[in-house]
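Undergrad: Once you've had a glance at the structure underneath, I'll fire off some questions.
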Amino acid sequence: MSLKSLLLGSAAVMMVAGAAQAADLTVAEPVDYVKVCDAFGKGYWYAPGTDTCIKIGGWVRAQVGFEKNLDKLVDNTSPAEDEFNDYQFRTRTSLTVTASSMTEYGPLTSFIDYRMESYGSQDGVSKLDSAWLQLGPVQAGKYTSSFDFGGGYTDDGGYRSDETTDHIAFTYALNGFGIVLSVEDPQDRTEEFGTGGSLSGDEEEFPDLVAALTYSAGIVSAKLSGAYVDASNSNDDSWAVQGGVELALDSFSKGDKFKLLAGYAQNAPSFVGATNISGTTATGANSKVGGNEDGEAWNILASYKHVWNGQWNSSITGSYVSFNGDTTADIDAWKVAFDTAFTPVANFTILGEVGYYENDGRGDVDSFFGFARLQRSFP
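Heads up, the sequence shown is in this note's numbering, so the first residue is 613 and it goes up one at a time.
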């Protein structure tokens with residue numbers, strides 16, 4: 613046997629042996645990389661191995677604010693002080709998670725907004741701001757009341773109904789119109805601070821019933837809503853109505869908006885924002901309007917936002933609320949707020965706001981307030 617034949621034979625044996633060993637090796641599974649999901653908007657991605665789209669968002673705020681009370685400050689927990697000056701540093705964060713997928717009944721979506729904050733001696737205060745799920749036209753959980761139409765464009769949105777309630781709602785939309793029917797937990801509105809700051813709540817035999825008619829087309833968005841409230845502390849019917857309209861004024865300046873709303877409530881002052889005003893009784897004790905306190909209340913609010921350019925915008929909000937109690941002192945209050953926001957880079961905003969409010973009734977309160985804020989939003 614020649615040397616050449618020996619070498620060729622050895623090489624053939626090694627190739628066969630190598631092929632046999634290679635056949636015994638485990639083949640790696642294909643990597644299931646995270647994929648972008650554009651079915652529900654920007655920022656979503658598919659959870660690996662599923663058809664569910666996930667979005668994580670939120671914001672972080674650092675803020676310092678001040679308040680100058682010209683008469684006296686009342687905060688429901690401490691005695692009034694003349695000529696009170698105060699400032700406060702505050703850090704807050706919001707973390708949101710949205711999960712959406714398509715089903716034969718329509719989109720299936722769940723949403724969570726968990727918030728934490730630190731200010732003064734209150735370190736690590738946290739709460740579940742909202743959490744809800746929706747399948748087609750049915751939405752259930754803790755989120756903004758179906759009665760509400762939002763507030764002004766300033767951070768302090770003015771006197772209006774501004775409640776997050778546990779409720780279930782059904783929505784039907786057709787050609788720009790929408791009908792909303794909801795059943796809401798009344799305890800989210802009826803907690804009240806009585807004289808001396810004691811916390812109490814009314815007892816209800818059945819939930820609040822809310823119905824709303826909405827319209828959106830072109831530059832106009834509008835909402836007419838009504839609520840029936842079961843208040844055991846009242847011998848009369850308790851109910852509320854509200855109407856609001858919002859105009860997109862892009863023809864004047866791109867991004868400009870105007871909002872106007874007004875409401876009326878009978879034995880249900882929280883539906884017009886009257887529970888956000890407070891004062892003192894003649895004896896100096898703290899007093900605040902209860903959520904279902906007997907009496908007649910109404911409010912009106914107007915707000916305008918102007919966009920100067922892609923980085924600057926300003927907003928102004930004015931509002932008024934009146935409560936005429938059946939057995940307690942009347943309260944009238946008005947408030948105006950103005951702010952300007954600067955966004956030097958995407959998702960980062962510097963905001964400054966100042967305002968003034970005056971409460972007449974259960975202890976007059978006149979106050980200037982304001983703050984400066986840095987905020988980073990994501991994604």
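The beta carbon of each residue, even a glycine, is placed where N, CA and C say it ideally should be. All of these numbers come straight from a predicted model, not from anything done at the bench.
With 16 other CB atoms within 10 Å as the buried threshold, where does N921 fall?
TA: Exposed, because fewer than 16 other Cβ atoms sit within 10 Å of the Cβ of N921.
Undergrad: Any chance the segment 933–953 sits against the segment 782–801, with 3 or more Cβ pairs inside 8 Å?
TA: Contact between the segment 933–953 and the segment 782–801 is absent, because fewer than three Cβ pairs lie under 8 Å.
Undergrad: So, G764 versus L913, is the Cβ gap smaller than 9 Å?
TA: Yes, these two residues count as a Cβ contact at 9 Å.
Undergrad: Determine the extent of the alpha helix (DSSP H) in which R801 is found, giving its start and end residues.
TA: Where R801 is concerned, the enclosing alpha helix (DSSP H) stretches over Q799 to T802.
Undergrad: What separation, rounded to the nearest whole angstrom, lies between the Cα atoms of D800 and G753?
TA: If I take the Cα positions, the gap works out to 13 Å.
Undergrad: Leaving out the 5 sequence neighbours to the left and right, which residues in its chain are closer than 7 Å to S938 when beta-carbon positions are compared?
TA: The sequence shown places Asp at residue 938, not Ser. For D938, where only same-chain residues beyond five positions count, the Cβ hits under 7 Å are D906 and G907.
Undergrad: Could you check if Y717 is buried or exposed, using at least 16 other CB atoms within 10 Å of its CB as the buried criterion?
TA: Exposed.
Undergrad: According to DSSP, is S927 helix, strand or coil?
TA: In the structure shown, S927 sits in a strand (DSSP, three-state: E or B).
Undergrad: Expressed to the nearest angstrom, what Euclidean distance is found between the alpha-carbon atoms of H918 and G930?
TA: Taking the straight line from one Cα to the other gives about 15 Å.
Undergrad: Given that a residue counts as buried once 16 or more other Cβ atoms are within 10 Å of its Cβ, and exposed if not, what is D976?
TA: D976 is exposed by the Cβ-count criterion.
Undergrad: Measure the C-alpha to C-alpha separation of A852 and G973 and round it to an integer number of angstroms.
TA: Taking the straight line from one Cα to the other gives about 22 Å.
Undergrad: Enumerate in chain order the residues of its own chain whose CB-to-CB distance from A894 is below 6 Å, with the five nearest sequence positions on each side excluded.
TA: Model confidence at A894 stands at a pLDDT of 42, short of 50, so the residue's coordinates are unreliable and nothing is read from them.
Undergrad: Starting from E858, trace the beta strand (DSSP E) in both directions and tell me its first and last residue.
TA: Where E858 is concerned, the enclosing beta strand (DSSP E) stretches over S850 to A860.
Undergrad: How big is the Cα-Cα spacing for S837 and L821?
TA: Straight-line Cα distance between these residues: approximately 11 Å.
Undergrad: Could you round the C-beta distance between D760 and H779 to whole angstroms and report it? I think they count as a contact, below 8 Å.
TA: Not a contact, Cβ separation roughly 11 Å.
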